[in-house]
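Peer 1:
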Amino acid sequence: MSLGITLVSHVPEIANGLPKLLDQVAGDVSITTAGGTDDGRIGTSMEKIMNAFSENGADEILAFYDLGSAKMNLEMAIEMSDKKVHLYDTAFIEGAYTAASLIQAGVGLDEIETQLKPLTIKN
Amino acid sequence: MSLGITLVSHVPEIANGLPKLLDQVAGDVSITTAGGTDDGRIGTSMEKIMNAFSENGADEILAFYDLGSAKMNLEMAIEMSDKKVHLYDTAFIEGAYTAASLIQAGVGLDEIETQLKPLTIKN
Amino acid sequence: MALTVDTLTSWMNDFAGKIEANAQYLSDLDTPIGDGDHGFNMKRGMTAVQEKLQTKPTDLQNGFKTIAMALISTVGGASGPLYGTAFLEMAKKTSSTDDLGELLDAALKGIEMRGGAKPGDKTMVDVWNALVPEVKNGTLTQEKIDAAVEASKDMIAKKGRASYLGERSKGHIDPGSQSSGYLFQSLLETEGLL
Amino acid sequence: MALTVDTLTSWMNDFAGKIEANAQYLSDLDTPIGDGDHGFNMKRGMTAVQEKLQTKPTDLQNGFKTIAMALISTVGGASGPLYGTAFLEMAKKTSSTDDLGELLDAALKGIEMRGGAKPGDKTMVDVWNALVPEVKNGTLTQEKIDAAVEASKDMIAKKGRASYLGERSKGHIDPGSQSSGYLFQSLLETEGLL
Ligand SMILES: Nc1ncnc2c1ncn2[C@@H]1O[C@H](COP(=O)(O)OP(=O)(O)O)[C@@H](O)[C@H]1O
Ligand SMILES: Nc1ncnc2c1ncn2[C@@H]1O[C@H](COP(=O)(O)OP(=O)(O)O)[C@@H](O)[C@H]1O
Ligand SMILES: [Mg+2]
Ligand SMILES: [Mg+2]
Ligand SMILES: [Mg+2]
Ligand SMILES: [Mg+2]
Numbered sequence: 001m002s003l004g005i006t007l008v009s010h011v012p013e014i015a016n017g018l019p020k021l022l023d024q025v026a027g028d029v030s031i032t033t034a035g036g037t038d039d040g041r042i043g044t045s046m047e048k049i050m051n052a053f054s055e056n057g058a059d060e061i062l063a064f065y066d067l068g069s070a071k072m073n074l075e076m077a078i079e080m081s082d083k084k085v086h087l088y089d090t091a092f093i094e095g096a097y098t099a100a101s102l103i104q105a106g107v108g109l110d111e112i113e114t115q116l117k118p119l120t121i122k123n
Numbered sequence: 001m002s003l004g005i006t007l008v009s010h011v012p013e014i015a016n017g018l019p020k021l022l023d024q025v026a027g028d029v030s031i032t033t034a035g036g037t038d039d040g041r042i043g044t045s046m047e048k049i050m051n052a053f054s055e056n057g058a059d060e061i062l063a064f065y066d067l068g069s070a071k072m073n074l075e076m077a078i079e080m081s082d083k084k085v086h087l088y089d090t091a092f093i094e095g096a097y098t099a100a101s102l103i104q105a106g107v108g109l110d111e112i113e114t115q116l117k118p119l120t121i122k123n
Numbered sequence: 001m002a003l004t005v006d007t008l009t010s011w012m013n014d015f016a017g018k019i020e021a022n023a024q025y026l027s028d029l030d031t032p033i034g035d036g037d038h039g040f041n042m043k044r045g046m047t048a049v050q051e052k053l054q055t056k057p058t059d060l061q062n063g064f065k066t067i068a069m070a071l072i073s074t075v076g077g078a079s080g081p082l083y084g085t086a087f088l089e090m091a092k093k094t095s096s097t098d099d100l101g102e103l104l105d106a107a108l109k110g111i112e113m114r115g116g117a118k119p120g121d122k123t124m125v126d127v128w129n130a131l132v133p134e135v136k137n138g139t140l141t142q143e144k145i146d147a148a149v150e151a152s153k154d155m156i157a158k159k160g161r162a163s164y165l166g167e168r169s170k171g172h173i174d175p176g177s178q179s180s181g182y183l184f185q186s187l188l189e190t191e192g193l194l
Numbered sequence: 001m002a003l004t005v006d007t008l009t010s011w012m013n014d015f016a017g018k019i020e021a022n023a024q025y026l027s028d029l030d031t032p033i034g035d036g037d038h039g040f041n042m043k044r045g046m047t048a049v050q051e052k053l054q055t056k057p058t059d060l061q062n063g064f065k066t067i068a069m070a071l072i073s074t075v076g077g078a079s080g081p082l083y084g085t086a087f088l089e090m091a092k093k094t095s096s097t098d099d100l101g102e103l104l105d106a107a108l109k110g111i112e113m114r115g116g117a118k119p120g121d122k123t124m125v126d127v128w129n130a131l132v133p134e135v136k137n138g139t140l141t142q143e144k145i146d147a148a149v150e151a152s153k154d155m156i157a158k159k160g161r162a163s164y165l166g167e168r169s170k171g172h173i174d175p176g177s178q179s180s181g182y183l184f185q186s187l188l189e190t191e192g193l194l
């Protein structure tokens with residue numbers, strides 16, 4: 001069973017840029033993104049998030065977000081999606097980088113979550 | 001005495017995109033960035049960081065970075081710069097967003113640092 | 001107190017009018033303690049709702065779903081999933097009742113579930129929490145609405161963007177509380193609803 | 001064991017040659033526990049160093065400064081500020097000594113200060129920490145260099161990108177330890193240095 005990553009940011013540039021950092025250490029991990037609103041403003045979009053889930057090549061997804069309202073759209077998208085998605089309240093970039101490195105190294109979900117725990121900063 | 005923000009990211013797009021998130025809540029705060037290496041690759045550049053310091057309109061700078069090697073270039077730039085720069089090991093985006101909101105609200109450095117403390121996740 | 005497709009539509013049109021008229025004010029409220037977009041967000045959302053409702057919904061459930069989807073897909077900010085969830089929960093609840101008070105109760109639970117805010121956290125939850133019981137008791141008045149919105153002013157934000165300001169969020173009306181105030185005001189002003 | 005502008009230049013040219021020849025290998029070492037660029041980073045840096053050194057430095061301090069600045073401004077990754085600081089500290093130290101062992105001692109302190117890594121953290125610090133005393137004792141050998149580099153293999157990374165992998169960083173040679181190994185190997189191979 002494969003693990004992938006979905007990144008949700010309020011800013012399209014951040015959503016587009018972060019995979020470049022992760023690809024360096026996790027070239028084989030499927031990483032999909034949802035950045036900005038449907039019309040490209042600062043914000044998030046449940047539809048874009050659902051697309052990011054379905055475009056992701058992995059069976060199970062680890063999802064990371066920047067600010068709180070992104071989390072709400074993420075949760076709605078998770079409720080409406082068939083895929084198994086795990087949502088993390090970690091530092092956005094640092095959590096995603098950690099997860100990407102560990103998935104690439106073949107580490108399992110349990111161990112990944114143990115390593116993500118100290119990066120949890122949102123509620 | 002005014003406070004500004006400098007953002008250092010390995011990825012040019014992230015360095016360019018993050019100010020859009022911060023400007024929404026901190027339109028009056030001077031925010032300067034250094035993203036990528038001198039030749040636009042993924043990485044950081046001490047020279048770009050020094051430029052970000054000197055371009056910043058504030059007297060005192062709060063600096064945030066994404067990954068550890070950015071911190072080393074930041075510290076070298078700080079040693080070589082005349083400006084007073086405070087470096088934070090917080091979650092990158094979340095720390096910068098918190099600082100920007102508080103600077104805009106006129107909060108002083110001490111109180112800002114108290115609020116940044118729980119976001120510290122690097123060493 | 002039984003809602004119909006027609007009274008739901010009137011309610012929404014009235015609410016859309018208030019949002020439109022007060023969009024700048026709502027965004028101004030969002031400026032010192034947020035990102036200054038709440039009025040524009042809600043205006044975009046309610047304009048989409050009004051357009052969708054020009055085609056009469058087949059039933060109440062459909063009406064609520066249409067409203068929810070329009071808000072979810074156009075608002076962009078936190079208020080999108082929050083109001084969206086409120087209307088989605090009301091849609092679900094129409095399977096068992098068309099009583100306005102019970103529907104609003106379900107909406108409030110939805111907002112709390114979606115955002116994780118509790119009363120006192122300086123969010124729209126405070127206004128809903130104060131006013132839903134008044135609707136159920138038949139005691140909703142403009143004074144009570146104004147008081148509920150005003151009460152957000154002295155609170156310290158624990159959720160949403162304003163929470164980043166901590167103590168500094170005090171002294172400002174919460175924009176989402178104000179827009180929710182308009183939603184309840186529209187209930188008062190819409191014929192045959194209360 | 002006194003360094004001169006000429007022996008420094010020979011040392012750097014020899015090191016640049018090794019980096020050039022092993023760039024792909026160093027990047028391959030960086031792939032399982034990093035971002036796969038260490039060899040390319042170092043090659044870019046040492047090519048810049050070689051170019052700068054084509055103009056003969058006026059004195060030892062200037063030579064070290066030139067090397068440091070070239071590395072700092074072209075490498076891009078963590079190894080840039082680390083090697084850069086090493087050479088910068090050696091530049092400073094030339095004010096009081098031209099003894100290779102003492103200069104290397106200052107370099108090691110600089111690397112530790114810059115990166116905050118301690119011996120055992122699976123970084124280049126381990127190789128410097130093991131080999132600087134050998135230089136000072138006049139006991140540096142290829143075997144000792146190989147052993148110091150190889151020792152990084154079983155360590156668990158506590159600093160740098162490899163530290164994100166925790167336990168999984170075990171079993172791989174640290175790329176920065178390997179490139180530092182080449183730096184010491186160049187000391188062995190450069191006439192008149194040890
Ligand atoms: N977690 C939450 N729970 C309940 N209400 C919230 C929450 N977060 C924000 N809100 C409400 O949303 C309003 C802000 O909406 P809006 O400005 O449209 O979104 P954003 O903050 O994303 O720009 C706030 O005034 C508050 O009433
Ligand atoms: N904090 C640190 N202290 C000492 N050495 C470090 C530190 N971080 C990284 N290194 C060294 O740098 C090497 C990686 O260099 P390089 O690949 O060029 O940089 P990056 O990791 O930024 O891509 C590691 O193998 C390690 O030896
Ligand atoms: Mg807002
Ligand atoms: Mg917004
Ligand atoms: Mg590397
Ligand atoms: Mg790199």
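Chains C, V, H and U supply the protein sequences, listed in that same order. According to full-length UniProt numbering, the first sequence is numbered sequentially starting from 1. According to full-length UniProt numbering, the second sequence is numbered sequentially starting from 1. According to full-length UniProt numbering, the third sequence is numbered sequentially starting from 1. According to full-length UniProt numbering, the fourth sequence is numbered sequentially starting from 1. All C-beta atoms, glycine included, are put in the ideal place defined by N, C-alpha and C.
Pull the bridge partners of residue 3/C from the DSSP assignment, please.
Peer 2: In DSSP, residue 3/C forms a bridge with 60/C.
Peer 1: Suppose the cutoff is 7 Å on Cβ atoms and the five residues either side in sequence are ignored; what does the same chain contact list for residue 95/V look like?
Peer 2: Excluding sequence neighbours, residue 95/V sits near 64, 88, 116, 119.
Peer 1: Which runs of the beta strand (DSSP E), 3 residues or longer, sit entirely within the stretch 117-148 of chain U?
Peer 2: Those beta strand (DSSP E) runs which fall completely within the stretch 117-148 of chain U and span 3+ residues do not exist here.
Peer 1: Give the straight-line distance between the Cα atoms of residue 104/H and residue 129/H, rounded to the nearest whole angstrom.
Peer 2: Cα to Cα, residue 104/H sits roughly 10 Å from residue 129/H.
Peer 1: With DSSP as the reference, identify every bridge partner of residue 35/C, one or two as the case may be.
Peer 2: DSSP, once it has assigned bridges, lists 9/C as partnering residue 35/C.
Peer 1: Using only Cβ atoms and a threshold of 5 Å, which residues come within that distance of a heavy atom of ligand 4? Order them by chain position.
Peer 2: The answer, residue by residue, is 35/H, 37/H, 77/H.
Peer 1: What do you reckon, are the CB atoms on residue 22/U and residue 50/U nearer than 8 Å?
Peer 2: Their beta carbons are not under 8 Å apart, which means residue 22/U does not touch residue 50/U by this criterion.
Peer 1: Does residue 82/V come out as helix, strand or coil in the three-state DSSP assignment?
Peer 2: DSSP places residue 82/V in coil when its eight states are reduced to three.
Peer 1: Let's test the definition: count the other Cβ atoms within 10 Å of the Cβ of residue 139/U and tell me whether it reaches 16, buried, or not, exposed.
Peer 2: By the 10 Å Cβ count, residue 139/U comes out exposed.
Peer 1: Please tell me whether residue 36/U and residue 27/U are closer than 8 Å, where the distance is taken between their beta carbons.
Peer 2: In contact: residue 36/U and residue 27/U (Cβ atoms closer than 8 Å).
Peer 1: Give a yes or no on whether 8 Å exceeds the smallest Cβ distance from residue 115/V to chain C.
Peer 2: For residue 115/V, the answer is no, since every Cβ of chain C falls outside 8 Å of its Cβ.
Peer 1: For the candidate residues 29/C, 34/C, 2/C, 1/C, whose alpha-carbon lies nearest to that of residue 16/C?
Peer 2: When each option's Cα is compared against that of residue 16/C, the closest is 34/C.
Peer 1: Check residue 99/H in the structure and name its three-state DSSP category.
Peer 2: Residue 99/H: strand per DSSP, three-state reduction.
Peer 1: Looking at the C-beta of residue 20/V, does it have a partner C-beta in chain C at a distance below 8 Å?
Peer 2: Yes, contact with chain C.
Peer 1: With C-beta atoms as the reference, is residue 112/V less than 8 Å away from residue 91/V?
Peer 2: In this structure, residue 91/V does not lie closer than 8 Å to residue 112/V by Cβ.
Peer 1: Can you tell me the Cα-Cα spacing of residue 47/U and residue 77/C, whole angstroms?
Peer 2: Those two C-alpha atoms are separated by around 50 Å.
Peer 1: Ends of the alpha helix (DSSP H) at residue 112/C?
Peer 2: Residues 109-116.
Peer 1: Which of the three DSSP states, helix, strand or coil, is assigned to residue 120/C?
Peer 2: Here residue 120/C sits in strand by DSSP.
Peer 1: Write down every uninterrupted run of the alpha helix (DSSP H) in the stretch 42-87 of chain U whose length is 4 residues or greater and which is fully enclosed by it, in chain order.
Peer 2: Taking only runs of at least 4 residues, the alpha helix (DSSP H) segments lying wholly in the stretch 42-87 of chain U are 60-74.
Peer 1: Does DSSP put residue 162/H in a helix, a strand or coil?
Peer 2: Of the three classes helix, strand and coil, the one that applies to residue 162/H here is helix, per DSSP.
Peer 1: Taking the straight line between their C-alpha atoms, what separation do you get for residue 193/H and residue 112/H?
Peer 2: Distance between the alpha carbons of residue 193/H and residue 112/H: 24 Å.
Peer 1: Step through the CB atoms of chain H and report whether any lies within less than 8 Å of the CB of residue 69/C.
Peer 2: By this cut-off, residue 69/C is an interface position.
Peer 1: To the nearest angstrom, how far is it from the Cα of residue 65/U to the Cα of residue 110/U?
Peer 2: So the two alpha carbons sit approximately 14 Å from each other.
Peer 1: Residue 199/H CB to nearest chain C CB: under 8 Å?
Peer 2: Any question about residue 199/H goes unanswered here, given that chain H covers just 1 to 194.
Peer 1: Should residue 57/V go down as buried or exposed, given a rule of 16 or more other Cβ atoms within 10 Å for buried?
Peer 2: Classification of residue 57/V: exposed, given that the 10 Å Cβ count is below 16.
Peer 1: Is any heavy atom in ligand 5 found nearer than 7 Å to the beta carbon of residue 41/C?
Peer 2: No, ligand 5 has no heavy atom inside 7 Å of this Cβ.
Peer 1: Taking just the CA atoms, how far does residue 3/C sit from residue 26/C?
Peer 2: Distance between the alpha carbons of residue 26/C and residue 3/C is about 12 Å.
Peer 1: Does the distance from the CB of residue 107/U to the CB of residue 134/U come in under 8 Å?
Peer 2: Against a cut-off of 8 Å, the Cβ pair of residue 134/U and residue 107/U comes out as no contact.
Peer 1: At the 8 Å Cβ level, is residue 10/H part of the contact set with chain C, yes or no?
Peer 2: Residue 10/H does not count as touching chain C.
Peer 1: Does the beta carbon of residue 44/U fall short of 7 Å from some heavy atom of ligand 5?
Peer 2: False, no ligand heavy atom lies under 7 Å from that Cβ.
Peer 1: Under 7 Å Cβ-Cβ, which residues of chain V neighbour residue 42/C?
Peer 2: Here the neighbours are 20, 21, 24.
Peer 1: Counting only beta-carbon atoms, is residue 165/U nearer than 8 Å to chain C?
Peer 2: Closer than 8 Å: yes.
Peer 1: Does the beta carbon of residue 168/U fall short of 7 Å from some heavy atom of ligand 5?
Peer 2: Residue 168/U Cβ: outside cutoff for every heavy atom of ligand 5.
Peer 1: Quick one: which chain H residues come within Cβ less than 9 Å of residue 102/V?
Peer 2: Near residue 102/V (Cβ distances below 9 Å), the residues of chain H are 164, 165, 166, 168.
Peer 1: Taking its Cβ as the centre, do 16 or more other Cβ atoms sit within 10 Å of residue 137/H, making it buried, or is it exposed?
Peer 2: Exposed, by the Cβ-count rule.
Peer 1: Kindly indicate if chain V contains any beta-carbon less than 8 Å away from that of residue 39/U.
Peer 2: It does not; no Cβ of chain V falls within 8 Å.
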